[in-house]
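First comes the structure, then the notes that go with it.
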Amino acid sequence: MNDLLIANLFFFLSLGFILGIGFVFYFQLWFLLNFLASLIFYLRFRNLKFSLLFLFFLFLGSLYSLLREEINLPSIQIPSLIKNYRLFLEEKIKTSLPFSQENLLRGIFLGSKFDDKEIKDAFVNSGLIHLTAVSGQNFTIMFSIFYEGLKYLYFLTPNLIFYLSSFLIIFFVLLMGFEGNVLRAGVMGFLLILVKNKFGRIPLKRNILVSALFLFSLFSPNLIFKDIGTQLSFLAITGIFYLSPILEKRFSFIKNNFFRKTFSETLSAQIFTYPLILYYFGNFNFFSLISNFLVLPIIPYVMTLASLFLFFPVKYLAWLSFPLLTYILSVAKIFNNFVFYFKIPLLLVVLVYFLISLEIYYQSKDEAVDFHFNLD
Amino acid sequence: MRQLIFILILINFVIYLIILSALRDKILVAFLDVGQGEGVLLKDKKNIFLYDTGKYPSLTIKEIDKILPFYDRKIDILFLSHPDKDHYFASFEILKRYNVRIIGISPKKSNDTHYNQLLNLARQKKIPILVFGRGDKIFDNYFKFFVLHPEKIYNKENDNSLVIKVDGKNSFLLTGDIEREAIESLISCCPRFLKADYFLVPHHGSKYSLNEKFYSLIQPKLSIIQVGSNFYGHPHREILEALKNFSQIWRTDFQKTLIVPQ
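Sequences listed follow chains A and B, in order. With the numbering used here applied, the first sequence covers 1382 to 1757. With the numbering used here applied, the second sequence covers 893 to 1154.
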């Protein structure tokens, strides 16, 4: 048994588990489909032992999704101290900034919803509403802020810094409220942190993705198939994993490291999420690309100020974020007027995706499925 | 290092912003567009007063934040004319977002649960609640407030509204929701005091507070009707026609917020 075999086994068994849930969710004949899937597996890899194991996990997934409501998982109680601290922070932000600015700051920082419909519509129309949703991206930014900040304390060893900032992130997740979407963002954020900062040995990207799906489906089996938010954020992460390194190579003419990175990450996340947005909502706003590119470089700075505010809740720190927040608000307001929806024919979308996947396939040979299942 | 420079630039920028908005700071009176409801903001160099808050918190607070500089988060006196939702309901959010120093109310006790909740919240926050009546005066270094009404407790809820005459460079008459009885009492008690340049038409222009003698005593330059879309038919046609003979009319539902610089 070598490492690659274990990694591949993990990949396929988790995939089997998720497929089992999916079959139950979508089809009445899930029973037959489970057998069919394992048959295909056998025909592809010609290994009876592993295909039986695959079949077992398919059924495990199906049964889990059918019996999930019977099982009571222990629910996590947030300590009241943290709840109160969140309330205190919200009050403090409310008393120190004007209405729209404090709404935005609470949205970016704590994931609160907009109180006002007018501002919310501006953010929806300009394609910036995802800023105020609790997202994995937020956690990664927060983590790197903590990590970089703790580096200034010279007496800490790198390992200690990593653990301390992980601890702070857990505190931050608890502060966000620990609902379904926070958990999702937490898992995604953690995976992104692992890949981006290259801590320890970098696992296969597809294993990371599949383990995220596995965790979600353990938490609530139908989440991936029902919740549009989860699907979108999963696709965005897939884009950042696979497409953005390729785009970064393509955009090597942009000399500034930071801008190149944000640009390619934004672009790849958007490219990956558009077909689903098209499928669900039927239209997409072309200008959201521009508005995102204008705003996203600012977000880390807002988050830096917010994370300082987390420990020193004084109004002067909130005032510092005032110009940045005003800038974001004005971008949203300007692009609110430029709503330009257009329909893309589905065939074109399919073609574009075919080309993108070809590119990804050739560029990431090391990720290709290469099985040595006959090793025993 | 780059982070530090960025933060220093930001601090610099914010300081300039504060200086700039402090320089542009003006004395003004604003009749806010708060939908169906009343809300008047009075602001001089030092103090900020609010007469009624309207019903919808986000509308009121957005309007106020457009006028106040971003660092000014206080209201020195919040007058609540009477316990009607379209006059006080946004106060809950206002108490959360602004540092309110004093709340001034009319003497009539109310059974309205939300109103009592509001007063309890104020007591919790240790904000003094002052009960005003006829004859009370507040002198600020710019504005002078004269409370003209009520002198006793009336049967009708609306007649117990606080009526305040404000003197600055111009004079303002803020009337709340007063109706027939209260208007007659005002005419009989203090006819000389009623004269005002800017007249906030009582009860969003309801025909039950129509009194031509009242208008002739006030002699307004501009009559302001604070109104939004409503089921009562405010402002009534009778009022609009009667007011036409005395002054111009400003409607906040069409012409939005009126700012009177001083």
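All C-beta atoms, glycine included, are put in the ideal place defined by N, C-alpha and C.
What is the rounded straight-line gap between the Cα of B/P961 and the Cα of B/I940? 12 Å
Measure the beta-carbon distance from B/G1068 to B/V1055 and round it to whole angstroms, keeping in mind my assumption that it falls under 8 Å. 6 Å
Is A/T1476 close to chain B? Criterion is C-beta to C-beta, closer than 8 Å. yes
Assign A/F1644 to one of two classes, buried (16 or more other C-beta atoms within 10 Å of its C-beta) or exposed (fewer than that). Buried is the call here.
Where A/H1753 falls: helix, strand or coil (DSSP): Confidence in A/H1753 is poor, its pLDDT being 45 and thus under 50, which makes the residue's placement too unreliable to answer from.
So that I know if they touch, is there some Cβ in chain A lying closer than 8 Å to that of B/L987? no
When you check each C-beta in the stretch 898-911 of chain B against every C-beta of chain A, which residues fall closer than 9 Å? Close to chain A, meaning a Cβ-Cβ distance shorter than 9 Å, are the following residues of the stretch 898-911 of chain B: F898, I899, L902, I903, F905, V906, L909 and I910.
Is it right to say A/T1538 is buried, meaning 16 or more other beta carbons lie within 10 angstroms of its own, or is it exposed? Result: exposed.
Can you have a look at A/H1753 and say buried or exposed, based on whether 16 or more other CB atoms are within 10 angstroms of its CB? Below a pLDDT of 50, predicted positions are generally treated as unreliable, and A/H1753, at 45, falls in that range; the measurement from the model is reported next regardless. It is exposed - the Cβ of A/H1753 has fewer than 16 other Cβ atoms within 10 Å.
Whose Cβ in chain B lies nearer than 8 Å to the Cβ of A/L1701? I899, L902, I903 and V906
Could you please tell me which residues of the stretch 1703-1714 of chain A, in chain order, have their CB closer than 9 Å to any CB of chain B? When C-beta distances to chain B are compared with 9 Å, the residues of the stretch 1703-1714 of chain A below that value are F1703, P1704, L1705 and T1707, in chain order.
Using the DSSP secondary-structure output, state which residues sit across from B/H1041 in a beta bridge. B/V1055
Could you say if the stretch 961-977 of chain B and the stretch 991-1004 of chain B meet the contact criterion of at least three C-beta pairs nearer than 8 Å? yes
Nearest-angstrom Cα distance between B/K1029 and B/P1042? 13 Å
Anything in the stretch 1484-1497 of chain A with a Cβ closer than 8 Å to a Cβ of chain B? List those residues in chain order, please. D1496 and D1497
Between the Cα of B/K1017 and the Cα atoms of B/I994, B/F1138, B/I897 and B/N1122, which residue gives the shortest distance? With respect to the C-alpha of B/K1017, the residue from B/I994, B/F1138, B/I897 and B/N1122 having the closest C-alpha is B/I994.
Can you name the start and end residues of the alpha helix (DSSP H) that B/A982 belongs to? Unbroken run through B/A982: none, as it is neither H nor E.
Looking at the structure shown, is A/N1603 part of a helix, part of a strand, or coil, going by DSSP? coil
Cβ-based burial, A/I1399 [other Cβ within 10 Å; buried from 16]: Under this definition A/I1399 is a buried residue.
Hey, does B/M893 have any beta-carbon neighbour from chain A nearer than 8 Å? no
Neighbour list for B/D957 in chain A, Cβ cutoff strictly below 8 Å: P1479, F1480 and S1481
Can you give the Cα-Cα distance for A/I1550 and A/F1520, rounded to whole angstroms? 7 Å
Cβ neighbour criterion (16 or more within 10 Å) applied to B/K935: Here B/K935 is buried: its Cβ has 16 or more other Cβ atoms, across all protein chains shown, within 10 Å.
Boundaries (first-last residue) of the beta strand (DSSP E) holding B/I1116: In the DSSP annotation of this structure, the continuous segment of the beta strand (DSSP E) that includes B/I1116 starts and ends at L1114 to I1117.
With B/Y943 as the anchor, note down where its beta strand (DSSP E) starts and where it stops. I940 to Y943
First through last residue of the alpha helix (DSSP H) which encompasses B/A1074: R1072 to C1081
Using the C-alpha atoms, what's the distance from A/A1713 back to A/L1541? 40 Å
Span of the alpha helix (DSSP H) around B/A922: Element bounds for B/A922: not the alpha helix (DSSP H) but the beta strand (DSSP E), L920 to F923.
Excluding five sequence neighbours on each side, which residues of the same chain lie with their C-beta closer than 7 Å to the C-beta of A/L1628? S1645, L1648 and S1649
With a CB to CB cut of under 6 Å and the five nearest residues on each side skipped, what residues in its chain are close to A/S1477? K1696 and A1699
Let's test the definition: count the other Cβ atoms within 10 Å of the Cβ of B/R1143 and tell me whether it reaches 16, buried, or not, exposed. Per the 10 Å Cβ criterion, buried.
Can A/S1669 and A/L1486 be called in contact, C-beta distance under 8 Å? no
A/L1677 versus A/N1637 - alpha carbon distance: 15 Å
Cutting at 8 Å between CB atoms, please list the residues of its own chain near A/I1635, excluding the five before and the five after it. R1641 and F1644
Same chain, Cβ closer than 8 Å to B/I953, neighbours up to 5 away in sequence not counted: A982, E985, I986 and R989
Compare the C-alpha of B/E1076 against each of B/K966, B/V1093, B/R965 and B/D1051 and name the closest. B/D1051
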